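Residue 301 in this note's numbering sits at position 302 of the sequence shown, with consecutive numbering throughout. Ideal Cβ positions, reconstructed from N, Cα and C, are used throughout, including at glycine. Treat the numbers as computed from the prediction; the structure is a model and nothing was measured.
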Amino acid sequence: REPEAIGRAARMLAGEIEFREFEQFVFDRQWGALRGYANSRGIRVVGDIPIFVAHDSADVWAHPEIFELDEAGNPTVVSGVPPDYFSETGQRWGNPLYRWDVLERDGYRWWVDRFRRTLEMVDVARIDHFRGFESYWEVPAAEETALHGHWLPGPGAKLFDAVERELGPLPLIAEDLGIITPEVERLRDELGFPGMRVLQFAFGSDADDAENPHRPERYSSDSVAYTGTHDNNTALGWYRDEASAETKAELAELTGPGTDDVAWGMIRVVLESNADLAVIPLQDVLGLGSAARMNTPGSIVDNWLWRFREGDLTPAHAARLRDLTAKTGRLHGQERR
């Protein structure tokens, strides 16, 4: 970031820089028009805020002082999670971690700006890895897996209080999945953010656990219910390729027997739940199997490739979804209070 080097690069790359600026200008205008149209139809757009950013991002390059980097700009410690449902060795995400003390001294300015820009583009934002704001898993950068990490305290409510002082109440959904402690739940409830409930996590060894929050009969009204998230298999793929015979029997008690329409059976359970909000992946509306899975945590290949094509969504899909939405009291204008 030496002024002479930046000036030289700005001259040499002027054409490409202007092209990227133009691309972002056009996208911003088109996105604003799309969001405006959606809002005019009573539709709110939900976005996403990952807790961490990439090492090669503009954020790290422009603000190296707020990240745990060495003198050469390389991470000394990186993000991840310990062994969990998805991986026996944990997940080594590899993002540089924040210097929370530096951020606090500046009133969390970088986070305020990040929330402000996000909420200029969407109406509601799901904040990813919410538990990391209470405590996060620090992994030495030299480690190849996340096994040898340890927990450190996050900024807690101080960060969100700072953001709310400037932006007002935050329309956020807390992604509170994974290893969740009472402290994380207290922080979520203190801030008034709804948490996430995933029907696929309601079965198997934890099905009879009185503490399992993913059992549909335990969904609180201040939660967001999902058949599965982008990190899960599709409902049909999960049923066919991952669910045990015991799980299938448990599911049948909720949806009725049969595998031909298991995705819609799970959709019905989620929409009938007490959760104020419900999110249904498009793959489940279309009844697609494992080939349409969006992402496999812990892997870096063949993710985020699925697309739906024009014509995949039919009037029959729309009619069925509308009918079920109306029957469960979730149709626009008749939302449960």
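Beta-bridge pairing of D47 - partner residues as DSSP gives them: Working through the sequence shown from its first residue, we reach residue 47 at position 48. DSSP output for D47 lists R125 as bridge partner(s).
is_contact[S56, chain B] using C-beta, thresh 8 Å: Looking at the structure shown, chain B is missing, and only one protein chain is on hand.
Identity of the residue in G89, H54, G153, V80 nearest N73 by Cα: Reading the sequence shown from its first residue, position 74 is the one you call residue 73. It is H54 whose Cα lies nearest to the Cα of N73.
Same chain, Cβ closer than 8 Å to T233, five either side skipped, listed in chain order: On the sequence shown, residue 233 is found 234 positions in, with the first residue counted as 1. Result list for T233: G227, A262, P280, Q282, D283, L287, G288, S289, A291, R292, in chain order.
Identified DSSP bridge partners for I172: Residue numbering aside, residue 172 sits at position 173 when the sequence shown is read from its first letter. Answer by DSSP bridge pairing, in chain order: R125.
Simplified DSSP assignment, three categories, for V300: If you number the sequence shown from 1, residue 300 lands on position 301. Three-state DSSP puts V300 in coil, outside helix and strand.
Nearest residue (CA-CA) to L151, options K157, L166, A8, F132: The residue labelled residue 151 in the question sits at position 152 within the sequence shown. The option with the nearest alpha carbon to L151 is F132.
Contacts around L235, its chain only, beta-carbon distance under 7 Å, and the 5 residues preceding and following it disregarded: Position 236 of the sequence shown holds residue 235. Closer than 7 Å at Cβ, skipping near neighbours: V261, A262, G286, L287, G288.
Cutoff 8 Å; reference L250; Cβ partners in own chain excluding five residues on either side: Reading the sequence shown from its first residue, position 251 is the one you call residue 250. Answer for L250: F202, Y238, A242, V261, G264, M265, listed in chain order.
Continuous beta strand (DSSP E) stretch holding N38: start and end: Indexing the sequence shown from 1 puts residue 38 at position 39. No beta strand (DSSP E) contains N38, which is instead part of the alpha helix (DSSP H) from 13-39.
Endpoints, beta strand (DSSP E) assigned at A201: Here the question's residue 201 lines up with position 202 in the sequence shown. Taken as a continuous stretch (DSSP letters only), A201 belongs to no beta strand (DSSP E), as it is neither H nor E.
Any alpha helix (DSSP H) of 4 or more consecutive residues that is wholly inside the region 135-173: 156-166
Coil, strand or helix - G191 by DSSP: Against the sequence shown, residue 191 aligns to sequence position 192. Here G191 sits in coil by DSSP.
C-beta contact flag for A277 and S220 at 8 Å: Translated into positions along the sequence shown, residue 277 becomes position 278. Translated into positions along the sequence shown, residue 220 becomes position 221. Against a cut-off of 8 Å, the Cβ pair of S220 and A277 comes out as no contact.
Which listed residue (Y135, N211, E103) has its alpha carbon closest to that of R196: The residue given as residue 196 occupies position 197 in the sequence shown. Comparing Cα-Cα distances from R196 to each of Y135, N211, E103, the minimum goes to N211.
Close Cβ partners of R336 (< 7 Å) along its chain, the five nearest in sequence each way excluded: Within the sequence shown, the letter at position 337 stands for residue 336. With a pLDDT of 45 at R336, under the threshold of 50, the predicted position of this residue should be treated as unreliable, though the coordinate-derived value follows. Contacts found: none.
Supposed contact pair F114 and P95 - C-beta distance, whole angstroms, cut 8 Å: Along the sequence shown, one-based indexing puts residue 95 at 96. Along the sequence shown, one-based indexing puts residue 114 at 115. Not a contact, Cβ separation roughly 20 Å.
Supposed close pair F192, A173 - CB separation, criterion 8 Å: Within the sequence shown, numbered from 1, the residue matching residue 192 stands at position 193. Within the sequence shown, numbered from 1, the residue matching residue 173 stands at position 174. Sure, about 4 Å apart at Cβ, within 8 Å.
Residue range of the unbroken alpha helix (DSSP H) whose run includes R0: Along the sequence shown, read from residue 1 onward, the residue named residue 0 stands at position 1. No alpha helix (DSSP H) contains R0, which DSSP labels as neither H nor E.
V45 vs R125 beta-carbon contact at 8 Å: For this step, residue 45 is matched to residue 46 along the sequence shown. For this step, residue 125 is matched to residue 126 along the sequence shown. By the CB criterion at 8 Å, V45 and R125 fall inside the cutoff.
Rounded straight-line distance, which links the Cα of A9 to that of E3: Working through the sequence shown from its first residue, we reach residue 3 at position 4. Working through the sequence shown from its first residue, we reach residue 9 at position 10. Approximately 10 Å between the Cα atoms of the pair.
Where F114 falls: helix, strand or coil (DSSP): To locate residue 114, count along the sequence shown from 1; it is residue 115. For F114, the three-state secondary structure derived from DSSP is helix.
Expected contact under 8 Å - CB spacing of F417 and W92 to nearest Å: In this structure the chain extends from 0 to 336, so residue 417 is not present and cannot be described.
Beta bridge counterpart(s) of L276 as assigned by DSSP: Stepping through the sequence shown from its first residue, residue 276 is reached at position 277. V223, per the DSSP bridge assignment.
Rounded separation between D240 and A248 - CA only: The residue you call residue 240 lines up with position 241 of the sequence shown. The residue you call residue 248 lines up with position 249 of the sequence shown. Rounded to the nearest angstrom, the two C-alpha atoms are 15 Å apart.
Where G264 sits in the DSSP three-state scheme: For the purposes of this step, residue 264 is identified with residue 265 of the sequence shown, where counting begins at 1. Shown here, G264 sits in a helix according to DSSP, grouped into three states.
Burial state of W60 (16 or more Cβ within 10 Å): The count along the sequence shown starts at 1 and reaches residue 60 at position 61. Under this definition W60 is an exposed residue.
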